[in-house]
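Reviewing the structure listed below.
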Amino acid sequence: MTKAIVALLMFALISTRVEAQESDLQRVADALDVATIKTFQFTANGKMGAVGQSTSPMAPWPRHYVKSLVRQYDFTQGAMREELLRTQGEAPASGGGGQPIEIEARTIALVSGEFAWNEAGKNTVAQPHQVTSRAHELALSPHALVRAAFANNASVTKRTIDGRQMTVIAFNDQGKRQITAYANDQNAIERVESSYGHPVVGDMKVVTNYGPYRDFAGVKFPTKIVQYQDGHPSLDVTVTAVRANPTVTIEVPANVRNAETVVKSEKAADGVWFLAGGSHNSALIEMKDYLIVVEGPQGDHRSKALIAEVKKLVPNKPIKYLVNTHHHFDHSGGIRAFAAEGATIVTHEINRPFFERAARNSWSLAPDILAKSKKMPVFQSMGDNMVLTDGARSVELYQIGANAHHDGLIMAYLRKEKILIEADAFSPRGIPKTPNPFSVNLEANVRRLNIEVERILPLHEHIVPYGELLKAIGKDPAAAKKR
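Numbered by the numbering used here, the letters in the sequence shown go through residues 521 to 1003 in order.
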């Protein structure tokens, strides 16, 4: 009889706690009117940091000014559309993120379920390496967060933090994100600590602060959004307009849903191939007994396709080295797949501690090929220069000195073929109104090193004669040849 009474009391206590948790979470939901808001839109302006595009792994993300940021959410479909209009922030230009921006840059980025893509006019381009980061941004919206808290049976507790009573909502979102949110005594979410799986750093830590809430014509929403990713400022915007339940139509285009990672190989010289087919290129160099690949960009999806193409081109030689031109996330997201293949990662010495720290990080939220293999990557670092040689062919690696794009930017040079392989210092997209300082610096380094270049294999765009670089910086190729 006594045991039965104790069991009933325990059940009642547990039920009371569960009801209290549910009621605390429900109060937060009610404050946001989550039940009736199916779609949402906010408009903001301010500044942002280009995540993963700093001048070195230690530096903050380069700043851009946000002229306009419009985010649309469809919470029922798990979809988001972001239209971003940004202008140059760093003066002079330093780091990546599409710098220098001549006037303004517009980006339309979308995510829906397991698909991410960009819109450019009528064209849509799949962005599979952006799925986790964009889905994470969607999940951080206060309305989406509370919905997910209910769906994932969040732990809800009361805590006193800095003398204030806070409701703490913690949950793992479908195994893809870890989220802890803090709501104040007005049931408004003020702070979110989260992490998501990232192809370069593993479980990326993010802190998002929501400023004072305001009633936007009957809809409560924060007036400030301030975010830090991997410890550096990534977003600082003021919300100027809000719409509840606007018409939001986000459909995954057929070409995105059916997209395959394409690698198109072009023979640049005997034993040298240009590996294109996407927004980022790589290069393959055949040595006597092994292979060298320059650049493992984006993520596993790209590197798996690159490795398959390499094995098709040269089936009986191992990939001994993967040369990483710099740590920018779009250029280093695929290096770990090459490490899993057994390749040594060659990178500038300023990048090595960062990559080694990332290798020791947790990879629980989106484990990649290397994490699943349980291997640790092997790195070989360089300073101003290094030569990879087998006695028959030499690949000369040089730091592009004093280039403001990155403090450890590496280019590869094949002396016999007079081929230069480089990333981001020059991307042949026509002649700019003002010479790109990164390109001006590249040409200065070529002269400083006294190397003769006939062709450039750029890791964006297509193979071009060296004269195209000269034209882009306002020099006459014919006059330069005579000197």
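Glycine is no exception: its CB is placed at the ideal position from the N, C-alpha and C atoms.
Note down, in chain order, each residue of its chain lying with its Cβ closer than 6 Å to the Cβ of residue i, except the 5 sequence neighbours on either side.
i, result
"A703", "V548, T687, I709"
"M906", "L917"
"S675", "A690"
"S947", "P978, H980, E981"
"A886", "T652, G717"
"T627", "L604"
"D820", "A857, D888, I889"
"Y561", "Before going on, a small fix: residue 561 reads as Gln here, not Tyr. Answer for Q561: Q592, R763, P766, listed in chain order."
"R606", "H584, V586, A625"
"T596", "K558"
"A761", "T563"
"E988", "P948"
"V866", "Y841, V843, Q900"
Let's test the definition: count the other Cβ atoms within 10 Å of the Cβ of residue i and tell me whether it reaches 16, buried, or not, exposed.
i, result
"D910", "exposed"
"A611", "exposed"
"M931", "buried"
"I839", "buried"
"R591", "buried"
"D735", "exposed"
"N965", "buried"
"R880", "exposed"
"T954", "exposed"
"V814", "buried"
"R967", "exposed"
"A564", "buried"
"P742", "buried"
"E972", "exposed"
"S614", "buried"
"G928", "buried"
"T556", "exposed"
"E829", "buried"
"N871", "buried"
"D693", "buried"
"N836", "exposed"
"N775", "exposed"
Out of curiosity, what's the CA-to-CA distance linking residue i and residue j?
i, j, result
"D750", "M724", "6 Å"
"T680", "R601", "37 Å"
"Q608", "L962", "21 Å"
"I920", "N778", "39 Å"
"T700", "H925", "35 Å"
"L604", "S715", "23 Å"
"S852", "A878", "12 Å"
"P662", "L552", "8 Å"
"H980", "T845", "13 Å"
"L908", "P577", "25 Å"
"I983", "I951", "16 Å"
"Q818", "R684", "43 Å"
"K938", "V792", "12 Å"
"I745", "A579", "22 Å"
"A891", "F874", "17 Å"
"V768", "S632", "12 Å"
"G994", "D944", "18 Å"
"L529", "G731", "No answer about L529 holds up, because its pLDDT of 43 lies below 50 and its placement is not dependable."
"Q573", "S959", "17 Å"
"A625", "K587", "10 Å"
"G598", "T559", "10 Å"
"V538", "E942", "Only weak support is given to the placement of V538: the predicted model assigns it a pLDDT of 47, under 50, and the question is left unresolved by the model."
"L660", "A668", "10 Å"
"L811", "E869", "22 Å"
"V727", "V843", "33 Å"
"E542", "K740", "21 Å"
"D809", "V915", "14 Å"
"L533", "N672", "Low confidence applies here, because L533 scores a pLDDT of 37, under 50, leaving its location unreliable; read the following figure in that light. Using only the alpha carbons, I get a separation of about 22 Å."
"Y841", "Q706", "56 Å"
How close, in whole Å, do the beta carbons of residue i and residue j come, if the pair is a contact with beta carbons under 8 Å?
i, j, result
"H461", "G569", "In this structure the chain extends from 521 to 1003, so residue 461 is not present and cannot be described."
"N956", "P582", "About 15 Å separates the two Cβ atoms, so there is no contact after all."
"R856", "I889", "7 Å"
"R822", "G854", "5 Å"
"D756", "G566", "5 Å"
Spatial neighbours of residue i within its chain, please: C-beta separation below 8 Å, excluding the five flanking residues on both sides.
i, result
"L990", "E963, D996, P997, A1000"
"E634", "V651"
"K678", "D544, Q685, M686, T687, V688"
Can you determine whether any heavy atom of the ligand GTP sits closer than 7 Å to the C-beta of residue i, and answer yes or no?
i, result
"P732", "Within the structure as shown, the ligand GTP is missing, as the structure has no ligands at all."
So, for residue i: in the same chain, excluding its five sequence neighbours on each side, which residues have a beta-carbon less than 7 Å away from its beta-carbon?
i, result
"R654", "M600, A629, V631, A636"
"V721", "D750, A878, N881"
"H848", "G572, Q573, G616, H926"
"V783", "L795, G797, A825, L826, E829"
"A503", "The question about residue 503 has no answer here: the residues shown for the chain are numbered 521 through 1003."
Exercise for review: Report the residue ranges of all beta strand (DSSP E) runs contained in full by the segment 920-964; include only those spanning at least 3 residues, in chain order.
Suggested key: Taking only runs of at least 3 residues, the beta strand (DSSP E) segments lying wholly in the segment 920-964 are 930-934, 939-942.
**Study point:** Runs of beta strand (DSSP E) wholly within the segment 728-795 (minimum 3 residues, chain order)
**Key:** 733-736, 739-742, 744-749, 752-764, 784-789
Check your understanding: Which parts of the segment 616-683 are runs of the alpha helix (DSSP H), unbroken and 4 residues or longer, counting only runs that do not cross its ends?
Key -> 651-660, 662-671
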